[in-house]
Structures are given as structure tokens and as C-alpha cells.
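**Student:** Here it is: the structure, laid out below.
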Amino acid sequence: MKKNDRFPLPFDPKAFAPAPQNGERMEAPCKLTLLVTVVNRQKAEFYADLIQSFEVNMQLITAAKGTASTETLHYLGLSDTDKSVIFSVIREDRTAAVLSALEERFRTVKNGKGIAFTVPMSGTIGVAIYRFLSNTQA
1 MKKNDRFPLP FDPKAFAPAP QNGERMEAPC KLTLLVTVVN RQKAEFYADL
51 IQSFEVNMQL ITAAKGTAST ETLHYLGLSD TDKSVIFSVI REDRTAAVLS
101 ALEERFRTVK NGKGIAFTVP MSGTIGVAIY RFLSNTQA
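See below:
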């Protein structure tokens, strides 16, 4: 018995794919990534608005606390350990532009230093959820 025969799907997944009409081509869906941005708490709304300008429909801002010692903070010229972590779901094709905009703001905004990185998402469940997260229309 093959592995797939042990747990067969109750439906054919291809049956739910929309068929192309009038010669239009099917496009592959855009992959999604999770953007994690850590910034000073006072700048969280500023950075959330910046990220949202790249057609991001879902963001979560959580409070965080930095763990650097007082000596390290003084040496780096920092004083505040209150941070915010912004979790944003963005389309993979927009990650370079978002990271570039964040990098520029991290350099130019007073007390606006931060870090940002992305984590690839392997999938979503539900067409409506995918369309909402990727900001695509039917």
C-alpha cells in the first residue's frame, strides 16, 4: 500500500481550480512572507503605516522589552528598552521594496532604529484568506 493510499483525499483538489476563460492564462499565486519588524515602541505606528502603504492587509503589533544591559545601552547611545514587534503578512514580490524602505527609514528617522527580517510562509488554508492576505481580487 502506498503512503497516499492510506489517507486518500475525499475530493479532487483540481476540481476547485477555476478554469481559464476566453483564452486567458492562469497565473500562479504569489507567495506570502511574514515580515517581522522590531522598533522603538514610540515609532511602532509610524512603521506600521509605512508597511501598510505597500498594500499589506494584516499586521499585528505586540509590546516587547529589550534585554541589553545598561552599560551596553549607554555605549550604543540608546536609552529606551521598550520595543514593539510588528508582524506583517506581505507578498513575496514586495519584500525587497518594503525592506529597502524600512532600511532607509532606520537610517534617517531620529530614534527610528530597528531591525526587520522575513520568514517564508509555506501555505494558507482557504482562497478567501489568501486573497485577503495577498491583497488580490477574484
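Just so you know, we're using the working numbering here: the sequence shown kicks off at 1 and counts up by one. Don't be surprised by glycine CBs; every beta carbon is placed ideally from N, CA and C. These numbers come from a predicted model, not from an experiment.
1. May I have the straight-line CA-CA distance separating Ile-115 from Gln-52, to the nearest angstrom?
2. To the nearest angstrom, how far is the alpha carbon of Val-119 from that of Glu-92?
3. Do you know how far the Cα of Arg-105 is from the Cα of Gln-42?
4. Need the endpoints of the beta strand (DSSP E) that Val-109 sits in, please.
5. Quick check: the Cα distance between Phe-132 and Lys-65, rounded to an integer number of angstroms?
6. Measuring CB to CB, does Ile-90 end up less than 9 Å from Val-98?
**Tutor:** In short:
1. 17 Å
2. 10 Å
3. 14 Å
4. Taken as a continuous stretch (DSSP letters only), Val-109 belongs to no beta strand (DSSP E), as it is neither H nor E.
5. 31 Å
6. yes
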